[in-house]
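Shown next, in structure tokens, is the structure this report addresses.
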Amino acid sequence: MRVLAAALALGLIGGAAQAQGYARDGRTCDGYPRAPIETVAGTCAGLVLAPPPASLALSKRTIRMPRTLLPLANGDLLVSDLGAWTTGRGAVWRVTPRPGGEPTIKPVLHRLDMPHTLAIGPDGNVYVGEMSRISRFDPDAADPQATLTPVVTGLPDNRLHENRHPLSAFVWDADGAFLVNVGAPSDQCPPKAGQKTCPEAERQAAIWRFAPAGPGKWAAEPTVFARGLRNSLAFVRTRAGTILQAENSIDVTTPTWPPEELNVIVKGAHYGWPYCMGANEAAPAWKAQRVGCASYRKPDLLLPPHGAPLDLVEYRGAMFPELSGRLLVSLHGYRPTGSRILAIELDANGLPKPGAKPRDLTPGWGAVKGKRPAGAPVGMAVASDGAIWVADDRNGAILRFAKDRR
Numbered sequence: 064m065r066v067l068a069a070a071l072a073l074g075l076i077g078g079a080a081q082a083q084g085y086a087r088d089g090r091t092c093d094g095y096p097r098a099p100i101e102t103v104a105g106t107c108a109g110l111v112l113a114p115p116p117a118s119l120a121l122s123k124r125t126i127r128m129p130r131t132l133l134p135l136a137n138g139d140l141l142v143s144d145l146g147a148w149t150t151g152r153g154a155v156w157r158v159t160p161r162p163g164g165e166p167t168i169k170p171v172l173h174r175l176d177m178p179h180t181l182a183i184g185p186d187g188n189v190y191v192g193e194m195s196r197i198s199r200f201d202p203d204a205a206d207p208q209a210t211l212t213p214v215v216t217g218l219p220d221n222r223l224h225e226n227r228h229p230l231s232a233f234v235w236d237a238d239g240a241f242l243v244n245v246g247a248p249s250d251q252c253p254p255k256a257g258q259k260t261c262p263e264a265e266r267q268a269a270i271w272r273f274a275p276a277g278p279g280k281w282a283a284e285p286t287v288f289a290r291g292l293r294n295s296l297a298f299v300r301t302r303a304g305t306i307l308q309a310e311n312s313i314d315v316t317t318p319t320w321p322p323e324e325l326n327v328i329v330k331g332a333h334y335g336w337p338y339c340m341g342a343n344e345a346a347p348a349w350k351a352q353r354v355g356c357a358s359y360r361k362p363d364l365l366l367p368p369h370g371a372p373l374d375l376v377e378y379r380g381a382m383f384p385e386l387s388g389r390l391l392v393s394l395h396g397y398r399p400t401g402s403r404i405l406a407i408e409l410d411a412n413g414l415p416k417p418g419a420k421p422r423d424l425t426p427g428w429g430a431v432k433g434k435r436p437a438g439a440p441v442g443m444a445v446a447s448d449g450a451i452w453v454a455d456d457r458n459g460a461i462l463r464f465a466k467d468r469r
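Numbering (the working numbering), first residue to last: 64 to 469.
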């Protein structure tokens with residue numbers, strides 16, 4: 064996430080929606096109303112869910128701020144809904160897409176605290192991450208809310224910090240351990256008089272590991288798996304077993320610095336926050352401390368500055384063979400580098416190929432008056448047919464990227 068003041072000024076937090084939605088002109092994309100987004104040749108974007116003009120305001124939407132998507136076996140989607148940047152307003156919904164018509168939306172969970180990640184665990188159960196805990200639940204139960212069972216608790220509660228990073232993202236390691244994002248409670252942790260290090264960086268701005276403790280159980284106390292990571296919402300374990308993280312770097316007014324980062328996560332490594340950014344360059348707040356950046360692990364790939372990556376997905380679908388094995392990256396940022404989805408080539412070990420240049424799959428997703436708002440992609444999911452589903456939280460939309468069959 065970016066600095067709270069900037070987000071408030073842009074109307075991204077607290078209930079203000081953008082003034083326009085996605086226009087429809089009667090054309091379709093693989094059965095869905097075509098979204099006026101410019102995509103790479105041979106592809107198009109369809110509108111699965113988008114508020115009509117009368118419901119653009121956040122308070123009038125059924126799904127207020129869709130964040131992540133989880134396809135189910137029957138073709139439905141579970142959708143996490145942040146609701147608002149405060150507690151008790153989040154939800155999970157079940158969406159049944161209807162090509163050519165409006166989807167069916169049913170409530171699954173409610174009164175959640177800023178839910179973000181939805182995932183199916185190694186045990187086949189569905190898990191949801193809230194601000195300070197991770198729980199499992201049964202979406203097919205008669206009362207899914209009654210099945211909500213916390214399995215990881217005690218995650219930091221950052222909601223009152225000015226530059227908060229309260230949302231939890233998680234993956235499971237090969238041994239079944241939970242690896243959980245714990246964001247930094249500030250942007251740059253500027254040093255106070257006499258400080259040589261940032262106390263926040265001792266345990267936060269990190270990935271925590273909760274060791275498995277039996278079927279469906281994890282240790283109550285975590286260890287720090289990797290540190291120096293400001294915010295790891297974009298976080299994936301590839302099929303090869305490599306853990307990748309896309310870093311949301313510090314917030315400065317310079318539009319071309321610092322770059323966001325794609326990191327390979329290694330146990331015990333330190334990735335530099337708040338002392339060093341990008342290609343191991345000293346952060347402005349810590350230059351006077353003469354910090355040495357050589358000891359921190361460098362990014363494996365630099366991403367567009369201020370792009371705000373919020374999800375990583377390894378594409379393994381049939382619809383786009385040219386993307387097979389590529390890493391998809393959603394860039395949520397409101398600056399010109401955001402509002403896009405990138406594809407990055409990986410090698411057989413799940414590592415970014417040296418010198419790989421990200422491919423922009425959505426070269427035209429900026430705001431165009433009367434046509435479309437600036438896209439704000441967050442969570443992505445690959446459906447059984449290989450279509451790529453994307454949640455656009457600022458605009459209350461769910462989109463489906465598919466082959467252009469016209």
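Backbone N, C-alpha and C fix where the C-beta goes; we use that ideal spot for every residue, glycine too.
These figures come from a predicted structure and were not determined experimentally.
query: DSSP-derived helix/strand/coil call for Glu263; result: helix
query: Cβ-Cβ separation, Asp176 to Gly151 (assumed contact under 8 Å), whole Å; result: 6 Å
query: Cβ-Cβ distance between Ala108 and Ala98 below 7 Å; result: yes
query: Cβ-based burial, Asp206 [other Cβ within 10 Å; buried from 16]; result: exposed
query: Spatial distance of Asp363 from Ala209 (CA atoms); result: 43 Å
query: Beta-carbon proximity check, Trp428 vs Ser402, cutoff 7 Å; result: yes
query: Secondary structure of Ala120, DSSP reduced to three states; result: coil
query: Selected residue, minimal CA-CA separation from Arg87, among Gly433, Ala439, Trp452; result: Gly433
query: Collapsed DSSP secondary structure at Ala450 in the structure displayed; result: coil
query: Length of the line joining the Cα atoms of Pro213 and Phe200; result: 9 Å
query: Member of Asp423, Val315, Leu325, Gly163 whose CA lies at the smallest distance from the CA of Gly89; result: Gly163
query: Beta-carbon contacts of Ala289 that lie in its chain and below 6 Å, excluding the five residues immediately before and after; result: Ile270, Ile328, Ala332
query: Residues near Pro281 in its chain [Cβ-Cβ closer than 8 Å; skip 5 each side]; result: A small fix is needed here, since residue 281 is Trp in this sequence, not Pro. The residues are Val214, Val215, Ala240, Phe241, Phe273, Ala274, Pro275.
query: Through-space distance from Ala247 to Lys255, alpha-carbon basis; result: 17 Å
query: Residues bridged to Glu310 (per DSSP); result: Glu324
query: Reduced DSSP secondary structure (H/G/I, E/B, other) of Glu385; result: helix
query: Close Cβ partners of Gly413 (< 6 Å) along its chain, the five nearest in sequence each way excluded; result: Thr301, Ala303, Thr305
query: Three CB pairs or more closer than 8 Å across the segment 317-328 and the segment 367-374; result: yes
query: 6 Å CB neighbourhood of Cys43 in its chain, flanking five on each side removed; result: This structure cannot speak to residue 43, because the chain is shown only from 64 to 469.
query: Residues near Gly449 by beta carbon distance below 7 Å, same chain, minus five either side; result: Gly380, Ala381, Met382, Phe383
query: Environment of Gly418 [buried if 16+ CB atoms lie within 10 Å]; result: exposed
query: C-alpha distance - Pro440 paired with Arg130, whole-angstrom precision; result: 8 Å
query: C-beta atoms of Glu193 and Pro178 nearer than 7 Å; result: yes
query: Rounded straight-line distance, which links the Cα of Thr125 to that of Trp235; result: 31 Å
query: DSSP bridge partner residues for Thr167 (one or two, in chain order); result: Thr159
query: Buried or exposed (CB count within 10 angstroms, at least 16 for buried), Arg127; result: buried
query: Burial state of Ala309 (16 or more Cβ within 10 Å); result: buried
query: Under 7 Å between C-beta atoms of Ala454 and Gly442; result: yes
query: Helix, strand or coil at Pro347 according to DSSP, with G and I counted as helix; result: helix
query: Straight-line Cα distance separating Val354 from Lys361; result: 15 Å
query: Endpoints, the beta strand (DSSP E) within which Met128 is located; result: Where Met128 is concerned, there is no enclosing beta strand (DSSP E), given that its DSSP letter is neither H nor E.
query: Every unbroken beta strand (DSSP E) inside the segment 210-287 [3 residues or more]; result: 212-216, 233-235, 241-245, 269-273
query: Span separating the alpha-carbon of Ala68 from that of His228; result: Any reading at Ala68 needs caution, since the residue's pLDDT is 41, under 50, leaving its predicted position unreliable; the model's value is listed next. In a straight line, the C-alpha of Ala68 is about 14 Å away from that of His228.
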